[in-house]
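Accompanying notes for the structure given below.
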Amino acid sequence: MAMACSTERRRLTYSSTTATAATTKWTDELPPELLGLIVKKLTSNVVDIIRFEAVCSSWNRAARLYTSAPYYTQLPQYPWLMLLILPIPIPDKWSWCPKPPRIDHESRCFFSLAENKVYKMDWKASQDFHGYGECLGSSHGWLAIREFKTMILSQEIVHLFNPISRQRLTLPLRPGKASTAKFVLSSNPSCNNNFVVVVIYDISLGPPGIAFYQHGRGGGNAAAWTDLEGSLDHYSDIVFHNNGQLFALSTNHSIQVWDFRNTYNNYPTKIMDFQPSMNRNVLDGPMTHHKKWLVESMGEILFVERQWLWLGSDTKGAADFYVCKLNIAAKTWEKVECLRGCALFLVRNQSAMSLSTRELPKLEENSIYYAETYQEGDLNKRKQHGGWSEIRVGGVYKFNLETKVAKPYYLTREHVDTSYSKPVWIVPSP
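For the sequence shown, full-length UniProt numbering gives the first residue as 1, with consecutive numbering after it.
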């Protein structure tokens with residue numbers, strides 16, 4: 001049964017609110033030590049911290065001091081799904097609207113999995129980018145937003161943006177005509193200034209590869225980017241493991257590993273390159289193309305493959321997933337029958353994540369939550385309603401690895417323009 005969706009949208013604000021004189025007086029008189037204790041009680045939910053910050057300037061300052069302190073440890077957070085327009089709950093029976101929903105280029109919406117609510121967040125022009133940038137995914141609570149310097153698509157600019165703290169970092173331009181396909185961070189930039197950005201890039205007239213940038217080293221020019229030695233392959237995904245080992249998955253399921261630990265002043269070294277054996281399982285019936293992910297989960301490296309089933313014109317939620325665990329000693333991919341104590345979160349063309357169902361009990365163990373959009377309706381009906389590009393339905397499906405059944409979890413009707421990015425999973429971080 002699909003989870004009922006709240007129609008309420010909450011607007012998140014980040015500046016101090018204007019309070020009455022009486023309110024300002026008592027809130028400003030609370031000692032910082034007491035405010036710190038209150039913030040500590042709110043750290044299990046990032047939204048509560050945002051509300052706390054909005055009361056007045058002294059509360060805002062207390063919250064930011066606490067969350068930026070060296071002793072601060074973020075508690076596990078439920079994921080959000082970033083949507084590119086205002087979501088509208090889909091009715092039980094699809095009906096065509098006389099005109100499409102309006103796209104709001106200056107805001108983004110976030111569906112909170114734990115609260116079953118949608119929050120609208122202003123995408124301020126003061127951040128030096130508007131809603132026209134493409135989101136490449138998230139890592140450690142930060143989004144990677146890609147824009148283009150000119151109409152020449154090879155001149156891309158990538159910003160790292162934390163939607164909670166509103167911090168933004170612009171990465172130096174990379175040389176050549178390269179397009180970023182995926183990215184990953186070695187650590188949270190909010191907590192560690194010496195983080196590393198690693199990207200899979202594509203080149204129109206050359207082989208793809210992997211490049212990295214160490215923040216704070218190499219200046220702000222193209223020389224700050226370095227290609228990983230021996231990374232000329234076709235890659236599906238990358239993930240950091242063991243606090244600094246970068247695992248890369250190629251399209252033929254082989255694994256390459258570079259050690260970034262203690263390499264701030266040294267070049268990362270390639271320590272593994274092998275193709276694990278795999279007992280391939282074939283689905284019954286016709287299939288479409290596959291997607292592959294690497295995931296760090298409970299101290300293990302998992303390989304996840306999604307296979308789209310071809311069901312004629314109706315492919316809503318039609319998918320099967322295979323999960324394997326990497327056995328480095330035996331150099332094999334071992335099939336995983338049960339995701340004990342965790343749930344996986346996937347979205348097409350972006351890195352995956354694994355979250356503990358023990359620490360986040362509202363998540364369902366042995367499940368894969370995947371977000372996607374698909375076309376609803378036919379071309380003639382779209383032309384009858386103004387000729388706008390597409391009517392698409394987006395949302396979250398929950399796939400049970402044991403029963404192999406996918407059920408709708410949250411659905412929205414949305415108007416999609418192909419120049420905008422798809423939904424993105426993010427674990428919010430203050």
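All C-beta atoms in this analysis are idealised placements derived from N, C-alpha and C, irrespective of residue type, glycine included.
Report the residue from 332, 260, 304 whose alpha carbon sits nearest the alpha carbon of residue 278. Residue numbering aside, residue 278 sits at position 278 when the sequence shown is read from its first letter. The option with the nearest alpha carbon to residue 278 is 332.
DSSP bridge partner residues for residue 477 (one or two, in chain order): Residue 477 cannot be examined here, being either before or after the span of the chain that is shown, 1 to 430.
Would you mind reading off the limits of the alpha helix (DSSP H) that contains residue 48? The residue you call residue 48 lines up with position 48 of the sequence shown. 46-53 is the extent of the alpha helix (DSSP H) around residue 48.
Pull up the distance between the alpha-carbon of residue 235 and that of residue 225, whole angstroms please. Translated into the one-based positions of the sequence shown, residue 235 becomes position 235. Translated into the one-based positions of the sequence shown, residue 225 becomes position 225. When rounded, the distance between both Cα atoms is 18 Å.
Once DSSP output is grouped into helix, strand and coil, what is the label at residue 423? Here the question's residue 423 lines up with position 423 in the sequence shown. Coil.
Return helix, strand or coil for residue 78, following the three-state DSSP convention. Along the sequence shown, read from residue 1 onward, the residue named residue 78 stands at position 78. Correct three-state label for residue 78: coil.
Rounded to a whole number of angstroms, what is the C-alpha to C-alpha distance between residue 187 and residue 351? By one-based count along the sequence shown, residue 187 stands at place 187. By one-based count along the sequence shown, residue 351 stands at place 351. If you take the alpha carbons of residue 187 and residue 351, they lie about 15 Å apart.
Could you please give the first and the last residue of the uninterrupted beta strand (DSSP E) stretch that includes residue 255? By 1-based counting over the sequence shown, the position of residue 255 is 255. Element bounds for residue 255: 255-259.
For residue 291, name the three-state secondary structure that DSSP assigns. On the sequence shown, residue 291 is found 291 positions in, with the first residue counted as 1. Strand, per DSSP.
Could you check which residue in 424, 396, 59, 254 has the C-alpha nearest to that of residue 276? By one-based count along the sequence shown, residue 276 stands at place 276. Minimum Cα distance to residue 276 is reached at 254.
Would you mind sorting residue 329 into buried or exposed? The rule is 16 or more other CB atoms within 10 Å of its CB. For this step, residue 329 is matched to residue 329 along the sequence shown. It is exposed - the Cβ of residue 329 has fewer than 16 other Cβ atoms within 10 Å.
Report yes if the CB atom of residue 173 is closer than 8 Å to the CB atom of residue 160, and no otherwise. What you label residue 173 is simply residue 173 of the sequence shown in a count that begins at 1. What you label residue 160 is simply residue 160 of the sequence shown in a count that begins at 1. Their beta carbons are not under 8 Å apart, which means residue 173 does not touch residue 160 by this criterion.
C-alpha gap between residue 147 and residue 184, whole angstroms: Numbered from 1 along the sequence shown, position 147 holds the residue referred to as residue 147. Numbered from 1 along the sequence shown, position 184 holds the residue referred to as residue 184. Rounded to whole angstroms, the separation of the alpha carbons of residue 184 and residue 147 is 18 Å.
So, at 7 Å on beta carbons, what are the nonlocal neighbours of residue 359 in its own chain, with the 5 sequence-adjacent residues on each side left out? In the sequence shown, the residue the question calls residue 359 occupies position 359. Only 76 meet the Cβ criterion.
Give the DSSP bridge partners of residue 137, in chain order. Sequence index remark: in the sequence shown, residue 137 carries index 137 (1-based). Note: residue 137 sits in a beta bridge opposite 144.
Counting only the same chain and skipping the five closest in sequence on each side, list residues whose C-beta sits under 7 Å from that of residue 180. Position 180 of the sequence shown, counted from the start, is the residue given in the question as residue 180. So the list reads 136, 146, 156, 158, 199, 201, once near-sequence residues are dropped.
Three-state secondary structure (DSSP) of residue 57: Position 57 of the sequence shown, counted from the first residue, corresponds to residue 57. Note: residue 57 maps to helix in three-state DSSP.
Euclidean distance between Cα positions of residue 428 and residue 404: Position 428 of the sequence shown, counted from the first residue, corresponds to residue 428. Position 404 of the sequence shown, counted from the first residue, corresponds to residue 404. Distance between the alpha carbons of residue 428 and residue 404: 30 Å.
Where residue 31 falls, given that 16 or more other Cβ within 10 Å makes a residue buried: Mapped onto the sequence shown, residue 31 falls at position 31. Residue 31 should be labelled exposed.
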